[in-house]
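Just so you know, full-length UniProt numbering puts 169 at position 169 of the sequence shown, and the rest follows in order with no gaps.
Cβ coordinates follow ideal geometry from the N, Cα and C atoms, glycine included.
Note that this is a predicted model, so its numbers are computed, not measured.
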Amino acid sequence: MTDTNTINVTQSFALTRPIHVGRSHLVVSDLDRVKQFYETMLGLQVIEQTASGAVLGAGGKPLLTLTTGGNVQRAPRNAAGLFHTAFLLPDRNELGHWLAHAVAHGVRLDGASDHLVSEAIYLSDPEGNGIEVYADRPVEDWTFLSDGTVEMATLHLDLQGLYDNAPKTPWGGMTDKAAIGHMHLQVGNIPEANRFYEGVLGLKKMAVYPGASFFGAGTYHHHVAANIWNSRGATSREGAMSGLSDYSLTFNDRKALDTALATLESLEIPVTRTAEGHVLKDPWGIGLTLAAAE
Numbered sequence: 001m002t003d004t005n006t007i008n009v010t011q012s013f014a015l016t017r018p019i020h021v022g023r024s025h026l027v028v029s030d031l032d033r034v035k036q037f038y039e040t041m042l043g044l045q046v047i048e049q050t051a052s053g054a055v056l057g058a059g060g061k062p063l064l065t066l067t068t069g070g071n072v073q074r075a076p077r078n079a080a081g082l083f084h085t086a087f088l089l090p091d092r093n094e095l096g097h098w099l100a101h102a103v104a105h106g107v108r109l110d111g112a113s114d115h116l117v118s119e120a121i122y123l124s125d126p127e128g129n130g131i132e133v134y135a136d137r138p139v140e141d142w143t144f145l146s147d148g149t150v151e152m153a154t155l156h157l158d159l160q161g162l163y164d165n166a167p168k169t170p171w172g173g174m175t176d177k178a179a180i181g182h183m184h185l186q187v188g189n190i191p192e193a194n195r196f197y198e199g200v201l202g203l204k205k206m207a208v209y210p211g212a213s214f215f216g217a218g219t220y221h222h223h224v225a226a227n228i229w230n231s232r233g234a235t236s237r238e239g240a241m242s243g244l245s246d247y248s249l250t251f252n253d254r255k256a257l258d259t260a261l262a263t264l265e266s267l268e269i270p271v272t273r274t275a276e277g278h279v280l281k282d283p284w285g286i287g288l289t290l291a292a293a294e
């Protein structure tokens, strides 16, 4: 068994920042089918199970909630919501090990990219919810620019090399050091996303692509991304729409949480206090819980 001190030392850089992603919640039509995919292909373990939902995670830590209902309607491709949930692995070795598992089980990949700061593999679950599985390069290898942003790109990823260097031992499922490193969202327009995620929540815009902004805390390349590549002009999510219902941001810095809550109050953005944290919706109706680290 690994002791607590070792876990803290080896914790991914993304999770040590003032703010990081906690959990993601998807609404699905076929709970059993989607749950099985995340169990078998992503290697997540079921932590809780009911007739209408399941909580999955790694090392006993909840990461993904799936719920369903009789009135779930499939969200159109251009709706605001999820672009992908990004599962962060602790190193390249773990990424290669997962890739070897995926290849052995015939997982259909949507793509793969070298982003300079990270190496990423893309796929989709059975209902089209985007997934990224990635590993960060060492922070000392990132290139920070004079304005504090970080250099990112979308280059070819040598999947064959990653596969060839992967451990040849059987894959034992998602490592207990896995986390959701970032959430990538589809939104209606970028200026409004900048105002909300940077101006209201206090994340910093760390990189910009055409039609997309990447927001991070504490020099991380991004904890939240927002793009309009499929969803330009999208309005607020409504009803029992499938896809991303909500996600959470965990604040390691209590002052940053207090500042965000004060800003939300000053702008008269409704916030509800629950046992999980402070619940609100972003400008496109995507649920968001702001929680203090335990």
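Let me know if residue i comes out buried or exposed under the rule of 16 or more other beta-carbons within 10 Å of its beta-carbon.
i	result
tryptophan 229	exposed
arginine 237	buried
aspartate 110	exposed
asparagine 71	exposed
threonine 168	The sequence shown places lysine at residue 168, rather than the threonine named in the question. Flag for lysine 168 reads exposed.
aspartate 141	exposed
threonine 289	buried
serine 24	buried
tyrosine 38	buried
methionine 1	At methionine 1, the pLDDT of 33 sits below 50, so the modelled position is not reliable; the number obtained from the coordinates is stated separately. Counting Cβ neighbours within 10 Å, methionine 1 comes out exposed, since fewer than 16 surround it.
glycine 199	exposed
aspartate 3	With a pLDDT of 36 at aspartate 3, under the threshold of 50, the modelled position of that residue is not reliable, and the figure given next carries that caveat. Under this definition aspartate 3 is an exposed residue.
aspartate 282	buried
leucine 26	buried
glycine 172	exposed
alanine 102	buried
asparagine 8	For asparagine 8, the predicted model reports a pLDDT of 41, less than 50, meaning its position is unreliable and no value from the coordinates is stated.
glycine 216	buried
leucine 267	exposed
Please look up how many angstroms separate the CB atoms of residue i and residue j, rounded, as I've assumed it's under 8 angstroms.
i	j	result
residue 300	leucine 257	The shown model of the chain, from 1 to 294, leaves out residue 300, and the question about it has no answer.
methionine 152	leucine 116	6 angstroms
leucine 56	glutamine 45	6 angstroms
serine 12	proline 62	With 8 angstroms as the limit, serine 12 and proline 62 do not qualify as a contact, their Cβ atoms being about 17 angstroms apart.
glycine 22	serine 248	4 angstroms
Name the one or two DSSP bridge partners that residue i has.
i	result
asparagine 189	Note: asparagine 189 sits in no beta bridge, so no partner.
glycine 43	According to DSSP, glycine 43 bridges with nothing at all.
proline 62	Gly57
lysine 177	Partner(s): none; lysine 177 has no beta bridge.
alanine 120	Ser113, Tyr134
asparagine 235	Reading the sequence as shown, one finds threonine at residue 235 and not asparagine. Paired residue(s): none; threonine 235 is not in a bridge.
glutamate 48	Val55
methionine 183	Thr85, Val224
valine 208	Ser213
phenylalanine 196	In the DSSP output, where bridge partners are listed per residue, phenylalanine 196 has none listed.
Candidates the options: which alpha carbon is nearest residue i's?
i	options	result
isoleucine 19	Tyr197, Ala226, Leu82	Tyr197
aspartate 125	Val28, Leu203, Ala234	Val28
isoleucine 47	Thr40, Phe37, Met41, Ala58	Ala58
glycine 211	Asn227, Lys204, Ala193, Ser248	Asn227
threonine 16	Lys177, Val187, Arg108	Lys177
leucine 145	Gly243, Val208, Asn194	Val208
glycine 277	Thr263, Thr250, Leu267	Thr250
glycine 69	Ser245, Tyr220, Thr274	Ser245
valine 34	Gly128, Asn78, Ala240	Gly128
alanine 275	Asn194, Glu294, Thr143	Glu294
threonine 154	Ala112, Gly243, Gly148	Ala112
methionine 183	His221, Leu267, Val150, Glu192	His221
histidine 97	Ile286, Thr85, Leu159	Leu159
alanine 225	Asn252, Ala193, Ser242	Ala193
So, are the CB atoms of residue i and residue j less than 8 angstroms apart?
i	j	result
phenylalanine 83	glycine 130	yes
threonine 179	leucine 99	It is worth fixing the name first, because residue 179 is alanine in this sequence and not threonine. In this structure, leucine 99 does not lie closer than 8 angstroms to alanine 179 by Cβ.
glycine 53	threonine 40	no
tryptophan 284	alanine 75	no
glycine 43	methionine 174	yes
isoleucine 121	valine 139	no
valine 107	leucine 123	yes
arginine 232	alanine 292	no
glutamate 119	alanine 135	yes
glycine 188	alanine 234	yes
glycine 181	alanine 14	yes
alanine 240	glutamine 73	yes
threonine 259	glycine 202	yes
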